[in-house]
Structures are given as structure tokens and as C-alpha cells.
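K.L.:
To start, I am sharing the structure in question, which I have written as C-alpha cells.
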Amino acid sequence: MNDNSQKPREYDVVLGGQSPPAIDAAVLGGIQGLRQQYISGNDKQIIQALSNALKYGEAGIDLLIEASDNSKLNVRATAYQILSQVNLQEGNNKGMPQWLKQAFSKLLQNKTQRIINKGIPLKAGDIIYTVYISAIDFDDDYYTILDSMQAIQEHHFAYDESPSFIKTFFLKEDAESFANEIHMRILEGKNLTDANWKNFLKSKAAFLLSHSDLSGFYRNFELQITDWCKMHTINFFSKINEDEFEFQEKIIQYLRESGQYQLLDELRELLGIGKFAFVHEETILEDSYLKITDNI
């Protein structure tokens, strides 16, 4: 039987070593212990180490600068964002301990400003995920939602339309979650400004909000949804001479008026209507820099 008594457990205090420290562990040994966590930890522990780096003054700043050239994009981005936030604090001269002000008076211009000005380093092979509000087109009868770059490239637009950039992410799950949040807010008819998303104050967003009942968008008008309604205990029946289009309209309005937005979204997908926001995955082909904006 193996003796695991020397392995760190959750909430143990760790001074580095062969085993990665527990996420909630305290790190002993000052900057050396922090650096050991940065070197030997997993991704979450590395990010945690960077979040604590400024507690160690100049040595912590040096670790952040080193991390800004890490092989992993999320580590580079975290280091850059921490340095940028501290730079902003220095510029405002607020919320910064005196020792940190003294350290930055000597180090900021020489060690951080060039890194901050360039942006987050992107290396060939990195993958970034960008969230867009979908492109729309009108063919004199219906609006069409185009919720992927491929669909946009293959579509013959009646009007010069393009997707609206919203935000760039370095983790796919974060991008997908954010895109779905935007999509559902539009579908539910919520005001996007409630979330203080300045970049959404566009005519397209206002248009999408005003048409979020789905009635004006092209869909599979002939699809029978009676079985789908039965499966979800939606007790509506087609009237005599009522076609599929009219029945769909009735169900769409019912789901919206009753606030059943998850079912409305499921029906949207079934009818072939695109999403109001999407994620575009892009592989970086050559080394470059990504400037941080309010949207990242």
C-alpha cells in the first residue's frame, strides 16, 4: 500500500516540491515559494500565483513580466492584465500601497510600459475565441440570421452587412457562455444596456431586440411541430385550415408571452433560425500582439 501521508491535501500549507500545491493552500517561502508554485503548479495554481505576485514588490513584478512571455496564452493574458491594472492604479495614484508606489516609481517605465503598450503577445498556434453579434440580411420578405463566419462567407447579401465584434476570449467555454448570455438576453427582449455593455449600443442590437419574437425571421415554415409540442406538454391544436406557418406563430407567441424562453430557444433551433450571437475560433498564424480594450 502506498504511503500518501506526505502528499499535500486541500487546505494544506505548501512550500513547493514535486506535488502541485492545493488550490486553496497558502504558499510559504516568500517569492521563492510563489515562484515554485508558478513553475510546478497546474494552470489554476499558476494563475493564483500571478494574482498574488504584487504582494512581493519588485520580485513579483519580475515574475509577472516573465509570465507575460509564457508558452500558455491564458498565463500571458493574466500577467498582462495584472500589470495593466496596476499601471492604471499608478496613473490614478489611488488604491496603491506606499511601498508599491515606490517600487513602480523606479520600475514602471523601464519594466512594464513597453509590455503594456505592445499588448498581449500572441504566438503562432495560439487559439483565440471572438464573440460577435450575428449578421442579418433581408430579402423583401424575411430576415435571415447568419451565425457563423462560414454562413456569412457563403451568403449572397442583399445589403452590405457584417457581424459586430463584441469581445475576445482565450478560453472557449468562457466565449461560448458569454455568447449564449447575449443571445438569450436578446431572445428575452431584455435591454442590453442593463449589463453596461457599451459596445452593444448599436442600431443592429436595437433592431434585434425589436424583432426578438422571431416572427420576422426566415425559418422552416413547413416543419410540423405538433409532436414537439406534445413532448413539452404544450396543449395547442391546429385549427381547421390552419397551416404550419400559422401554428408555429401561435406557439412562438405563446412561449414568449408565458416567459418560457428556454423552450422558445429550443424551438428556434428546431425551426432552423440562427442564434443572435456566435463564437468564432481563430488560430494565430504568426507572432503578433493583441491590444487590450474595454471589451477584453
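First residue of the sequence shown: 1, per full-length UniProt numbering; consecutive thereafter.
Note that the Cβ used here is the ideal one computed from N, Cα and C, for glycine as well.
#1: Tell me the rounded alpha-carbon separation between D287 and N117.
#2: Skipping 5 residues on each side, what residues in its chain have a beta carbon closer than 7 Å to that of G272?
#3: Just the C-alpha distance for V131 and E282, rounded to the nearest angstrom, thanks.
#4: Going by other Cβ atoms of all chains shown within 10 Å of its Cβ, with 16 needed for buried, is D265 buried or exposed?
#5: In chain order, what residues of the same chain lie with their CB nearer than 7 Å to the CB of P163, ignoring the 5 residues before and after it?
#6: Does DSSP put A59 in a helix, a strand or coil?
#7: Kindly indicate which three-state DSSP category L171 falls into: helix, strand or coil?
#8: Counting beta carbon pairs with one atom in the stretch 62-79 and one in the stretch 30-47, are three or more of them shorter than 8 Å?
#9: For L187, I'd like the list of residues in its chain whose CB is within less than 7 Å of its CB, leaving aside the five on either flank, ordered along the chain.
#10: Smallest Cα separation from A124: which of L285, T144, D139, A158?
#11: Which residue's Cα is closest to the Cα of S148: G259, H280, Q85, L34?
#12: Just the Cα atoms here: how many angstroms apart are Y142 and A158?
#13: Suppose you measure from the CA of M231 to the CA of Q224; what does that come to, to the nearest Å?
#14: Consult DSSP for A124 and reduce its assignment to one of helix, strand or coil.
#15: Given a cut-off of 8 Å on the beta-carbon distance, is the pair L267 and I292 in contact?
#16: Which residues share a DSSP beta bridge with A277?
#17: For Q253, which of I127, G189, N241, L34 has the nearest alpha-carbon?
#18: Could you tell me the boundaries of the alpha helix (DSSP H) in which L271 lies?
#19: For L290 and G119, which I take to be in contact (beta-carbon distance under 8 Å), what is that distance rounded to the nearest angstrom?
#20: Which one or two residues does DSSP pair with L285 in a beta bridge?
#21: What are the residues that DSSP puts in a beta bridge with F236?
#22: Does the beta-carbon distance from L54 to I82 come in below 8 Å?
#23: Please report the distance separating the alpha-carbon of E222 from that of F245.
P.N.:
This is what the structure gives:
#1: Walking along the sequence shown from the start, residue 287 turns up at place 287. Walking along the sequence shown from the start, residue 117 turns up at place 117. Inter-residue distance for D287 and N117 is about 16 Å (C-alpha atoms, whole angstroms).
#2: Residue mapping note: residue 272 aligns to position 272 of the sequence shown, counting from 1. Correct list, in chain order: R219, N220.
#3: Along the sequence shown, read from residue 1 onward, the residue named residue 131 stands at position 131. Along the sequence shown, read from residue 1 onward, the residue named residue 282 stands at position 282. Straight-line Cα distance between these residues: approximately 11 Å.
#4: As a position in the sequence shown, residue 265 is number 265, starting the count at 1. By the neighbour-count rule (16 or more Cβ atoms within 10 Å), D265 is buried.
#5: Position 163 of the sequence shown, counted from the start, is the residue given in the question as residue 163. Only Y132, I133, S134, A135, I152 meet the Cβ criterion.
#6: As a working mapping, residue 59 is identified with position 59 in the sequence shown. Helix, per DSSP.
#7: Position 171 of the sequence shown, counted from the start, is the residue given in the question as residue 171. Coil at L171, not helix or strand.
#8: yes
#9: Residue numbering aside, residue 187 sits at position 187 when the sequence shown is read from its first letter. Within the same chain, L187 has close Cβ partners S212, Y261, L264, D265, F276.
#10: Sequence index remark: in the sequence shown, residue 124 carries index 124 (1-based). Taking only the C-alpha atoms, the option nearest A124 is L285.
#11: Position 148 of the sequence shown, counting from 1, holds the residue named residue 148. Nearest to S148 by C-alpha distance, out of G259, H280, Q85, L34, is H280.
#12: As a working mapping, residue 142 is identified with position 142 in the sequence shown. As a working mapping, residue 158 is identified with position 158 in the sequence shown. So the two alpha carbons sit approximately 12 Å from each other.
#13: The residue you call residue 231 lines up with position 231 of the sequence shown. The residue you call residue 224 lines up with position 224 of the sequence shown. Taking the straight line joining both Cα atoms gives about 13 Å.
#14: Against the sequence shown, residue 124 aligns to sequence position 124. Residue state, collapsed to three classes: coil.
#15: Along the sequence shown, one-based indexing puts residue 267 at 267. Along the sequence shown, one-based indexing puts residue 292 at 292. The beta carbons of L267 and I292 sit no closer together than 8 Å.
#16: Mapped onto the sequence shown, residue 277 falls at position 277. Bridge partners of A277: I133.
#17: What you label residue 253 is simply residue 253 of the sequence shown in a count that begins at 1. Per the Cα distances, G189.
#18: Looking up residue 271 in the sequence shown gives position 271. Neither: L271 is in no alpha helix (DSSP H) and is coded neither H nor E.
#19: Working through the sequence shown from its first residue, we reach residue 290 at position 290. Working through the sequence shown from its first residue, we reach residue 119 at position 119. Yes, L290 and G119 are in contact; Cβ-Cβ is about 5 Å, under 8 Å.
#20: In the sequence shown, the residue the question calls residue 285 occupies position 285. In DSSP, L285 forms no bridge with anything.
#21: Here residue 236 refers to the residue found at position 236 when the sequence shown is read from its first residue. In the DSSP output, where bridge partners are listed per residue, F236 has none listed.
#22: Here the question's residue 54 lines up with position 54 in the sequence shown. Here the question's residue 82 lines up with position 82 in the sequence shown. Taking a C-beta distance under 8 Å as the contact criterion, L54 and I82 qualify as a contact pair.
#23: In the sequence shown, residue 222 corresponds to position 222, counting from 1. In the sequence shown, residue 245 corresponds to position 245, counting from 1. So the two alpha carbons sit approximately 7 Å from each other.
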